[in-house]
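Numbering (UniProt numbering) for the sequence shown: 1 to 220. Here the structure comes first, spelled out in structure tokens, and everything after it is commentary.
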Amino acid sequence: MIAVIVAMEKERIYITSELENCVCEEYAGIKFFTGSYRGTDVVTAEAGIGKVAAAYTTAVTLMRYSPEAVINTGIAGGLGILSRGDVVAVSEAWQHDFDLTAFGEAAGKYCGKTDVALTTAVLNAVNGARTGVIATGDSFIADSVKARRIAETFGAVLCDMECAAIAQVCLSAGVPFAAIKVVSDGAEDGAEIGYEEFADKACRINARAALDAIAATRGI
Numbered sequence: 001m002i003a004v005i006v007a008m009e010k011e012r013i014y015i016t017s018e019l020e021n022c023v024c025e026e027y028a029g030i031k032f033f034t035g036s037y038r039g040t041d042v043v044t045a046e047a048g049i050g051k052v053a054a055a056y057t058t059a060v061t062l063m064r065y066s067p068e069a070v071i072n073t074g075i076a077g078g079l080g081i082l083s084r085g086d087v088v089a090v091s092e093a094w095q096h097d098f099d100l101t102a103f104g105e106a107a108g109k110y111c112g113k114t115d116v117a118l119t120t121a122v123l124n125a126v127n128g129a130r131t132g133v134i135a136t137g138d139s140f141i142a143d144s145v146k147a148r149r150i151a152e153t154f155g156a157v158l159c160d161m162e163c164a165a166i167a168q169v170c171l172s173a174g175v176p177f178a179a180i181k182v183v184s185d186g187a188e189d190g191a192e193i194g195y196e197e198f199a200d201k202a203c204r205i206n207a208r209a210a211l212d213a214i215a216a217t218r219g220i
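Below, the structure written as structure tokens:
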């Protein structure tokens, strides 16, 4: 079984609508949708927004369903070099708001690396996908100065609010993890306006990429 974790309903619906024999159950306050896609059993969890919700949902998913791998998918802000609609298979996930630099620690400190075999399969399966680093924090970035700082500090091409938290839980549990994201906005001043205009289209693109990624996991 493959677990797919998303933050929002609008990211989830275009994925679960393609699952065969899809059934919804609510457990521990989380909505889970089980079914299959091209012969692969899938559970999709709707986590909610932010790192705590994402980490909690991931832990519950691992304990209840014991998936062979976890894929986090959804929309994200692009940090300068990407365009809306671009698809990215994440190589590393940093927590950009985790800060112990006062004690001499590196910014972010914890880096969640994605599983190489799983990520390679995703890249090969998803048309037009590229690889890149994502930076995660508990804020929607709509500030050009902040976006530039995050990109420069972490070498990130994307920012979101969940990925690094999911990566850390999977790393701790020893479960292979991959993430695929679609750019919905530029994280610049006024990004919230562009986000609202493009989010639905980005979610549709994301669902297609996520389903291709699920199909690619067979045999890994």
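Ideal Cβ placement from N, Cα and C applies to all residues, glycine included.
Chain-order list of residues whose beta-carbon lies under 8 Å from that of residue i (same chain, five-residue window excluded)
i   : result
E26 : F32
S36 : L19, E20, N21, V42
Selection from the options that minimises the alpha carbon distance to residue i
i           : options                : result
V133        : T58, G80, N124         : G80
G99         : C203, G137, D200       : Residue 99 is actually Asp in this sequence, not Gly. Out of C203, G137, D200, G137 has the C-alpha closest to the C-alpha of D99.
A59         : I180, I5, A89          : I5
L62         : C170, I141, L118, V122 : C170
T119        : D41, I205, A213, A93   : A213
A125        : G74, A210, A135        : A210
V145        : E188, A173, A164       : E188
S184        : E11, A3, A215, Y56     : E11
residue 282 : G190, S91, S83, I150   : The structure shown does not extend to residue 282, since the chain spans only 1 to 220, so no value can be given for it.
A89         : M8, G190, A54, A156    : A156
G48         : G194, A165, S172       : A165
G128        : V52, L158, I180, G50   : I180
residue 233 : Q168, W94, K109, A199  : This structure cannot settle anything about residue 233, because the visible part of the chain is limited to 1 through 220.
CB contact check: residue i to chain C, cutoff 8 Å
i    : result
I214 : This model lacks chain C altogether, as it is built from one protein chain only.
Beta-carbon gap between residue i and residue j smaller than 8 Å
i    : j    : result
L123 : T131 : yes
T40  : T153 : no
G85  : V182 : yes
I30  : A199 : no
Cβ-based neighbour list, residue i, same chain, cut-off 6 Å, excluding 5 preceding and 5 following
i    : result
P176 : A69, D115, L118
G186 : G78
Start and end residues, alpha helix (DSSP H) containing residue i
i    : result
T16  : 9-16
V126 : Note, V126: premise wrong, no alpha helix (DSSP H); not H, not E.
F198 : 191-216
I49  : First-last for I49: undefined, no H or E at that position.
S91  : Unbroken run through S91 is the beta strand (DSSP E), 87-95; no alpha helix (DSSP H).
Beta-carbon proximity list for residue i, same chain, < 7 Å, skipping 5 on both sides
i   : result
Y14 : C203, R204, A207
Boundaries of the beta strand (DSSP E) in which residue i is found, first to last residue
i    : result
T153 : Segment 144-154 is the alpha helix (DSSP H) holding T153; no beta strand (DSSP E) there.
A69  : 69-78
Margin query: Across the segment 87-103 and the segment 41-49, are there enough close Cβ pairs to call them in contact, namely three or more that are closer than 8 Å?
Written below: Touching, no.
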